[in-house]
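Sequence positions in the sequence shown follow the working numbering and run 336 to 748. Glycine included, each C-beta is placed from N, C-alpha and C at the ideal position. Bear in mind the structure is a predicted one, so any value in this text is a computation, not a measurement. Below is one structure, written out as structure tokens; comments come after it.
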Amino acid sequence: MNLREKTAERLMRYARIDTQSSNESRTTPTTSRQFDLARVLKEELESIGVPQVIYDEKNCVVIGKIPGNVPGARSLGLIAHMDVSPDAPSAGVRPWILKDYRGGDIVLNEEKQIVMREADYANLRQYVGDDLILTDGTTLLGADDKAAVSELMTLAEYLLAHPEVPHGLVALAFTPDEEVGGLAKDLDFGQFEAQSAYTVDGDHLGYYADETFYAYAAKVRITGLSVHPGTAKGIMKNAADIACEYMRLLPQTEKPQYTEGREGYDHVHRMSGDCEHAEIELILRDFDYATMQRRLRELEDIADLLNAKYGPGTVTVESEEQYRNMKEIIDTAPHLIANLRQAMQECGIEPKTAPFRGGTDGAALSWRGLPCPNISAGYENAHGRMEYVSVQAMEATVRILIRLCEICGKQQG
Ligand SMILES: [Zn+2]
């Protein structure tokens, strides 16, 4: 089997293993089914002959290391996540391959008449002539991020079969719970050993990201005063009403539905309330640190204004940092982006970048001391039933990673 077939075969196999993580669970990992894939990966790393395999059974982290064959060469770390999103059904994934896609709509499920329409998914047009791995329209595929898991495994197998490829230490890590903010918190840097890394997780072949949002979560609590509505005049303070007033005072054009590119936003993702109590939950996102501070101040300013109107303590605000923009840290290790761009170009892929409008495990890892930009894994329509990946895009990603190994193999690090 060649690189393309091997990577496809792996994804077909891994996709069938349900590894959905959970937002509700407080355990590590959030769901025990993630161990099902972890065990498969551990055994597969051993069976293809990866010399060092570390399985952290408690935290569900699998590490495979291939020592360098060039003394003193730069190490390369690559990280993919094993879980799939809780946003779509994940049980009973039935992946299938459409060979040589000719363009047009794709019938995913004849019986249920589920069709992926080219008109709705313009990204299909760039894959005419490719082999696509698809769902049956009733579940997600999990190519986010099992396409990357497959790519990393095939890379390891290739390096072991081709000792003539010069490389430093190549360390692979498979981690749980990325989709629910796990932030690869249990990846042990000592065991991982690589000095810098890439997460391989993202859509559109050829894209990479060295910039993420600064992210905060905030909770606004409103305490009202409930009395009998018939005799409430001048006395009642309706917390639900005050919550609506609070939301109207937020910057009205700085919401997810009105922003793109480098624009930040405040997003109310939940609100609840009655006359006595109300609560607003928001997330704040911005690429710029100073603007993020302004957003946080605004939340306080609105509270002050409403407290002046309704009495001290009516509105309180609590906020906490979720993750930080990794750019500051990535910039301290400029070889990461330079090498990646070179590898892509040498593989005939035009490198493209855009600030990533979200967070990545790499953002958290970067701030913990492991600079870690993100490379696309090549999948499309993640987190939904129309998810798919081109087998050729996965193969191209493996080739980029092989080239990256060679480039690092020629550098001292
Ligand atoms: Zn992902």
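Asked	Found
Residues near Gln747 by beta carbon distance below 8 Å, same chain, minus five either side	Gly407, Ala408, Arg409
Cα-Cα separation, Ile449 to Ala578	41 Å
Distance CB(Val484)-CB(Ser356) smaller than 8 Å	no
Reference Lys481, options Arg345, Ser725, Lys745, closest by Cα	Arg345
Continuous beta strand (DSSP E) assignments of at least 3 residues falling wholly in the stretch 651 to 733	723 to 725
Lining residues of ligand 1 - beta-carbon closer than 7 Å to any non-hydrogen atom, in sequence order	His416, Asp479, Asp480, Glu513, Glu514, Asp536, Ala717
Asp536 - DSSP class collapsed to helix/strand/coil	coil
Identity of the residues DSSP links to Ser485 by a beta bridge	Answer is none; Ser485 lacks a bridge partner.
Stretch pair the stretch 697 to 717 + the stretch 411 to 420: three plus CB contacts closer than 8 Å	yes
Arg374 versus Ile398, Glu359, Asn358, Ser360, residue with shortest Cα-Cα distance	Ile398
Rounded separation between Asp576 and Ala638 - CA only	14 Å
Residue range of the alpha helix (DSSP H) that includes Asp466	Careful: Asp466 lies outside any alpha helix (DSSP H) and carries neither H nor E.
Closest Cα partner of Leu334 within the set Ala712, Val385, Arg676	This structure leaves residue 334 out entirely; the chain is present only between 336 and 748.
Buried or exposed (CB count within 10 angstroms, at least 16 for buried), Ala343	buried
Coarse secondary structure for Gln628, derived from DSSP in three states	helix
Member of Thr362, Gln526, Asp435, Leu504 whose CA lies at the smallest distance from the CA of Ile389	Gln526
Nonlocal neighbours in the same chain, by C-beta distance under 6 Å from Gln727, ignoring five residues either side	Asp465
Extent of the continuous alpha helix (DSSP H) run through Ser382	369 to 382
For Glu492, three-class secondary structure by DSSP	helix
Thr342, enclosing alpha helix (DSSP H) - first and last residue	338 to 350
Bridge partners - Gly608, DSSP secondary structure assignment	Ala613
Alpha helix (DSSP H) segment containing Ala415, residue limits	From DSSP, Ala415 is part of no alpha helix (DSSP H) but of the beta strand (DSSP E) over 411 to 416.
Secondary structure of Tyr436, DSSP reduced to three states	coil
Proximity winner among Leu585, Thr588, Leu584, Arg556, relative to Asn573 (alpha-carbon distances)	Arg556
Residue span of the alpha helix (DSSP H) that contains Ala578, given as start and end	574 to 584
Pair within 8 Å by beta-carbon distance, Val652 and Ile468	no
Nearest residue (CA-CA) to Glu446, options Pro421, Gly472, Asp455, Gly438	Gly472
Candidates Glu616, Glu715, Gly719, Gly608: closest to Ala457 by CA position	Glu715
Backbone secondary structure at Tyr456 - three-state DSSP	coil
Distance, Leu584 Cα to Glu616 Cα	15 Å
Sufficient close CB pairs (3 or more, under 8 Å) joining the stretch 667 to 683 to the stretch 434 to 443	no
Straight-line gap, Gln387 to Ile401 (C-alpha atoms, nearest Å)	7 Å
Residues of its chain near Tyr600, where Cβ-Cβ distance is below 7 Å and the 5 sequence neighbours each way are ignored	Glu589, Lys590, Pro591, Thr594, Arg620
Bridge-paired residues (DSSP) for Met451	Ile441
Of the listed residues Thr547, Asp523, Thr649, nearest to Gly596 (C-alpha basis)	Thr547
Close beta carbons around Ala643, own chain, < 6 Å, minus the five adjacent residues each side	none
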